[in-house]
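Top to bottom, those sequences are chains A and E.
For reference, each letter of the first sequence is one residue, going 0 to 293 in numbering that gives the first Met the number 0.
For reference, each letter of the second sequence is one residue, going 0 to 279 in numbering that gives the first Met the number 0.
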Amino acid sequence: MQTKRMTFPGHWMPYALLAPQVIITLIFFIWPAGQALYQSLLREDAFGLRSTFVGLENFVRLFRDGSYLNSLSVTAIFAIGTTLVSMSVALLFASTVNRMIRSRSTYTTLLVWPYAIAPAIAGVLWWFIFNPSIGIIPYMLDAVGYQWNHRTSSNDAMLLVIFAASWKQISYNFLFFLAGLQSIPQSLIEAASIDGAGPLKRFWTIVFPLLTPTTFFLMVVNVVYAMFDTFGIIHATTAGGPSQATNTLVYKVYADGFVGLNLGSSAAQSVILMAIVVGLTVIQFRYIERRVNY
Amino acid sequence: MVENRPWANFLAHTVLICGVALVVFPVYIAIVASTQGPGELLRGTMPLLPGSHGLENYTTMWRTGLSRSGAAPAWQMLWNSFVMAMAITIGKLSISILSAFAIVYFRFRFRIFFFWLIFITLMLPVEVRIIPTYQVVADLSMLNSFAGLSIPLIASATATFLFRQFFMTVPEEMLEAARVDGAGPLKFFKDILLPLSITNIAALFVIMFIYGWNQYLWPLLITTDADYTTIVMGIQRMTAEENPQWHLIMAAVVMAALPPVLVILFMQRLFVKGLTETEK
Chain A
0 MQTKRMTFPG
10 HWMPYALLAP
20 QVIITLIFFI
30 WPAGQALYQS
40 LLREDAFGLR
50 STFVGLENFV
60 RLFRDGSYLN
70 SLSVTAIFAI
80 GTTLVSMSVA
90 LLFASTVNRM
100 IRSRSTYTTL
110 LVWPYAIAPA
120 IAGVLWWFIF
130 NPSIGIIPYM
140 LDAVGYQWNH
150 RTSSNDAMLL
160 VIFAASWKQI
170 SYNFLFFLAG
180 LQSIPQSLIE
190 AASIDGAGPL
200 KRFWTIVFPL
210 LTPTTFFLMV
220 VNVVYAMFDT
230 FGIIHATTAG
240 GPSQATNTLV
250 YKVYADGFVG
260 LNLGSSAAQS
270 VILMAIVVGL
280 TVIQFRYIER
290 RVNY
Chain E
0 MVENRPWANF
10 LAHTVLICGV
20 ALVVFPVYIA
30 IVASTQGPGE
40 LLRGTMPLLP
50 GSHGLENYTT
60 MWRTGLSRSG
70 AAPAWQMLWN
80 SFVMAMAITI
90 GKLSISILSA
100 FAIVYFRFRF
110 RIFFFWLIFI
120 TLMLPVEVRI
130 IPTYQVVADL
140 SMLNSFAGLS
150 IPLIASATAT
160 FLFRQFFMTV
170 PEEMLEAARV
180 DGAGPLKFFK
190 DILLPLSITN
200 IAALFVIMFI
210 YGWNQYLWPL
220 LITTDADYTT
230 IVMGIQRMTA
240 EENPQWHLIM
250 AAVVMAALPP
260 VLVILFMQRL
270 FVKGLTETEK
């Protein structure tokens, strides 16, 4: 790992400088993560008095449990839906804003601020708008003959959480796509244009291929966002329902651990989630490293 | 832009205006709803223009809140959110800049070990190890306190990562000159490194403040006492009632969203810098 060529001599000072962060990391990070690993191998009785070592039984049970498998597929649908919606809308906005010269910064400002809104607040907002009895969108949908009700329909509930999660994420994706678009050399596009390529053809043959690194990076970030940062959206809107239709993996860890008090199973789920994030982060880092090298 | 076609420009503006409308729509609805009188929202058709009860709703929320659901007044919840966000922001920035300084400017035993110990935290959000972390905080009797709300969330390496990247780009000559002049590490840090990092600190400040303000799951678990309710979790509690008072809830939603949105609008350039630099 790199350092400066010249450094300060110091026997105790670097340790003192590192101490606050290391102590907090050990107490609130390493210790709980270790506890999760350890608890995932235990089974507690109903009163939490005795725990027995059961090895990998918690994991085996999980993968035999229909509700966990359901939660896996719910998470996959939710993550893919949110990623697709927020990225495609953001790409449309970014490539349109990129054409603008004078109004570019105004549009950027107007599109960027939802990033600042808490996921839970975004959830409450969309929940209100889609409220089956007083919301405005069910009222409009009713006019075209669709009975919206996310309290009873699994599909409606899933759409609701995807909308809320994507709405919040559009601004983030937009900023990165805009930065990516601005780094594409203008001369390439001009050359293609002289050769007679129309706007759509230019987009698909030049711009989009050059955006693949950004797109790939955003895909990973969005999947991580949809899996982990959307607890607030789900808790504030559907609470995992109706009949588990929006019970994502992170929500289930909370529900099984805090509401259901099934600590062993919840810890095992945490461990699986940790493995998923570590996998995604490794992909992300490898990709970033490769980018830095060329 | 390559060629100038009026209809293409017109189309582009149309797309963007629709986009802005889509992005603004939920907040517009919230503002409209927050200005209605009690019961007006329950008639079945959502009004599309602001009503006349705005001032009344906002004052009620600000002063007393929905005391029926045991919630604190909005001013107090906003204050709690502010204290929590500031504690997280300042805490993260100060521990990160110190550890990045140690890692970049010193050579010592176990340096790589400490580096990885800190960097492993980049990966695991608090949500996935929520129950054991809760237990640690409970064992340290930090439930229902600002320390319990903020300190566990300070343990993350994003800011350390950014400061390290930045310190690596600071020219070697700075350090050489400082050492020739006989400056010790702390003097170098205070007089040279800190002033150079001001933009990075400001950019990170924006991002960390929003992160802290928007926390939800953690305050929900750590605090049961209304004195520590943050505005984001307070709103969720109000909506969970039997008959939600939508006009008042939406006033609270607008008040909860305003501070972070203002921070972004005023500090947009720094925010973009911080965001792109942390993530890439």
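Note that beta-carbon positions come from the ideal geometry of N, C-alpha and C, so glycine has one too.
Do residue j and residue i have their beta-carbon atoms positioned less than 8 Å apart in this structure?
{"i": "A:THR107", "j": "E:LEU15", "result": "no"}
{"i": "A:PHE129", "j": "A:ILE136", "result": "yes"}
{"i": "E:LEU247", "j": "E:THR59", "result": "yes"}
{"i": "A:ALA156", "j": "A:THR237", "result": "yes"}
{"i": "A:GLY231", "j": "E:LEU216", "result": "yes"}
{"i": "A:LEU40", "j": "A:VAL53", "result": "yes"}
{"i": "A:ILE169", "j": "A:SER85", "result": "yes"}
{"i": "E:LEU269", "j": "E:VAL169", "result": "no"}
{"i": "A:PRO31", "j": "E:ARG128", "result": "yes"}
{"i": "E:ALA154", "j": "A:ILE100", "result": "no"}
{"i": "E:TYR227", "j": "E:LEU161", "result": "no"}
{"i": "E:VAL262", "j": "E:ILE209", "result": "yes"}
{"i": "A:LEU262", "j": "A:GLN34", "result": "no"}
{"i": "A:LYS3", "j": "E:VAL103", "result": "yes"}
{"i": "A:ILE13", "j": "E:PHE188", "result": "With the sequence shown as reference, residue 13 of chain A is identified as Pro, and Ile is not the correct amino acid for it. It is not a contact, given that the beta carbons lie outside the stated cut-off."}
{"i": "A:THR82", "j": "A:VAL281", "result": "no"}
Quick one: give me the first and last residue of the beta strand (DSSP E) that residue i is part of.
{"i": "A:PHE202", "result": "A:PHE202 -> no beta strand (DSSP E), and no H or E assigned at all."}
If you follow the alpha helix (DSSP H) that residue i is part of, which residue opens it and which one closes it?
{"i": "A:PHE227", "result": "207 to 227"}
{"i": "A:SER234", "result": "Per the sequence shown, residue 234 of chain A should be read as His rather than Ser. A:HIS234 -> alpha helix (DSSP H) spans 230 to 236."}
{"i": "A:MET12", "result": "12 to 24"}
{"i": "A:VAL86", "result": "It is Met, not Val, that sits at residue 86 of chain A in the sequence shown. Looking at the DSSP string, the run of the alpha helix (DSSP H) that includes A:MET86 is 65 to 98."}
{"i": "E:THR59", "result": "53 to 62"}
{"i": "E:PHE162", "result": "157 to 168"}
{"i": "E:ASN199", "result": "197 to 212"}
{"i": "E:ASP138", "result": "129 to 138"}
{"i": "A:SER170", "result": "153 to 181"}
{"i": "E:TYR280", "result": "Shown here, chain E extends from 0 to 279; a query on residue 280 of chain E therefore has no answer."}
{"i": "E:PRO258", "result": "245 to 265"}
{"i": "E:MET237", "result": "230 to 238"}
{"i": "A:ILE188", "result": "185 to 193"}
{"i": "E:PRO218", "result": "216 to 221"}
{"i": "E:LYS189", "result": "E:LYS189 -> no alpha helix (DSSP H), and no H or E assigned at all."}
{"i": "E:VAL179", "result": "171 to 179"}
{"i": "A:ALA121", "result": "118 to 128"}
Tell me whether residue i counts as near the ligand SAM, meaning its Cβ is closer than 7 Å to at least one heavy atom of that ligand.
{"i": "A:LYS251", "result": "Ligands in the displayed structure: none, and consequently the ligand SAM is not present."}
So, under 8 Å CB-CB, residue i and residue j are touching, yes? Tell me the CB distance rounded to an integer number of Å.
{"i": "A:TYR109", "j": "E:VAL179", "result": "Checking the sequence, you will find Leu at residue 109 of chain A rather than Tyr. At roughly 51 Å, the Cβ-Cβ gap does not stay under 8 Å, so A:LEU109 and E:VAL179 are not in contact."}
{"i": "A:PHE92", "j": "A:PHE173", "result": "5 Å"}
{"i": "A:VAL123", "j": "E:GLN235", "result": "7 Å"}
{"i": "A:MET226", "j": "A:ALA115", "result": "Wrong, their Cβ atoms sit about 21 Å apart, outside the cutoff."}
{"i": "A:SER50", "j": "A:GLU56", "result": "Contact flag wrong, Cβ pair sits at about 12 Å."}
{"i": "A:MET5", "j": "E:LEU123", "result": "So it is not a contact: roughly 35 Å between Cβ atoms."}
{"i": "A:TRP7", "j": "E:PRO184", "result": "The sequence shown places Phe at residue 7 of chain A, rather than the Trp named in the question. With 8 Å as the limit, A:PHE7 and E:PRO184 qualify as a contact, their Cβ atoms being about 4 Å apart."}
{"i": "A:ILE183", "j": "A:LEU199", "result": "In fact, because the Cβ distance is near 16 Å, the residues do not count as touching under 8 Å."}
Return the chain-ordered list of same chain residues with a C-beta closer than 6 Å to the C-beta of residue i, the five sequence neighbours on each side being excluded.
{"i": "E:LEU121", "result": "ALA156"}
{"i": "E:ILE230", "result": "MET76, LEU77, SER80 and ALA255"}
{"i": "E:TYR57", "result": "ALA250"}
{"i": "E:MET266", "result": "VAL205"}
{"i": "E:ALA202", "result": "LEU269, LYS272 and GLY273"}
{"i": "E:TRP74", "result": "TRP61"}
{"i": "E:ASP224", "result": "ASN143"}
{"i": "A:SER70", "result": "ASN246, LEU248 and LYS251"}
{"i": "E:THR198", "result": "none"}
{"i": "E:LYS91", "result": "ILE153, ALA158 and MET207"}
Starting from residue i, follow its DSSP beta bridges and name the residues at the other end.
{"i": "A:THR51", "result": "A:ARG42"}
{"i": "A:PHE7", "result": "E:PHE105"}
Who are the near neighbours of residue i in its chain, counting only those whose CB is closer than 7 Å to its CB and skipping five residues on each side?
{"i": "A:PHE127", "result": "GLY134"}
{"i": "A:ASN292", "result": "Because the pLDDT at A:ASN292 is just 37, under 50, the model does not fix this residue reliably, and the value given afterwards should be weighed accordingly. Excluding sequence neighbours, A:ASN292 sits near nothing in its chain."}
{"i": "E:ALA32", "result": "LEU40, TRP245, HIS246 and MET249"}
{"i": "E:VAL1", "result": "The predicted model places E:VAL1 with a pLDDT of 48, which falls under 50 and marks its position as unreliable; any figure quoted below should be read in that light. Counting only Cβ-Cβ distances below 7 Å, and skipping sequence neighbours, we find nothing."}
{"i": "E:ARG4", "result": "none"}
{"i": "E:MET232", "result": "TYR215, PRO218 and LEU219"}
{"i": "E:THR159", "result": "SER95, SER98, ALA99 and ILE117"}
{"i": "E:TRP115", "result": "none"}
{"i": "E:LYS279", "result": "Residue placement at E:LYS279 cannot be trusted, given a pLDDT of 45 that sits under 50; the coordinates are not used to answer."}
{"i": "A:LEU217", "result": "MET86, ASN172 and PHE175"}
Can you list, in chain order, the residues of its chain with a C-beta nearer than 8 Å to that of residue i? Leave out the 5 residues immediately preceding and following it.
{"i": "A:ALA178", "result": "THR213"}
{"i": "A:GLY112", "result": "According to the sequence displayed, residue 112 of chain A carries Trp and not Gly. Closer than 8 Å at Cβ, skipping near neighbours: SER170."}
{"i": "A:TYR67", "result": "LEU61, LYS251 and GLN268"}
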